[in-house]
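> In my numbering, the protein residues as written are 1 to 130.
Where a beta carbon is used, it is the ideal one built from N, C-alpha and C, also for glycine.
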């Protein structure tokens, strides 16, 4: 009986991981926050909410290559991750750790989204001289 429950839990975890890999918006969605552009690369269970994101966003997240937003108890939590080969990254701060982070620290089955910083950022407008 207990083995059946463990198998069922493992199967649900594997299905969650497979959903994570397969969910990507059909057309690229670009979001501009401050001076940075981000692409929504994953929107699991419609977790993306631009108004709440803008309220919760902090400039400290600009240093990261990815931002994960997850929902728990009607609260949006944001966490930054580096690309895998980033010189400042530790093992648990790289994007390859994302699935572990979602499984260990997020509410089971929660809605979440993943933003990736765009390589091409908007150009700052040149100041006109007087």
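Just curious, the beta strand (DSSP E) that residue 84 is in, first and last residue?
Note, residue 84: premise wrong, no beta strand (DSSP E); not H, not E.
> I need the boundaries of the beta strand (DSSP E) containing residue 139, first residue and last residue.
The chain is shown only over 1 to 130; residue 139 falls outside these bounds and no answer can be derived.
> Using DSSP with H/G/I as helix, E/B as strand and the rest coil, what is residue 114?
Strand at residue 114.
> On the three-state DSSP scale, how would you describe residue 51?
helix
> State the start and end residues of the unbroken beta strand (DSSP E) segment that holds residue 70.
66 to 72
> Have a look at residue 42 and residue 55 and give me their C-alpha separation to the nearest angstrom.
20 Å
> Suppose the cutoff is 8 Å on Cβ atoms and the five residues either side in sequence are ignored; what does the same chain contact list for residue 91 look like?
The residues are 97.
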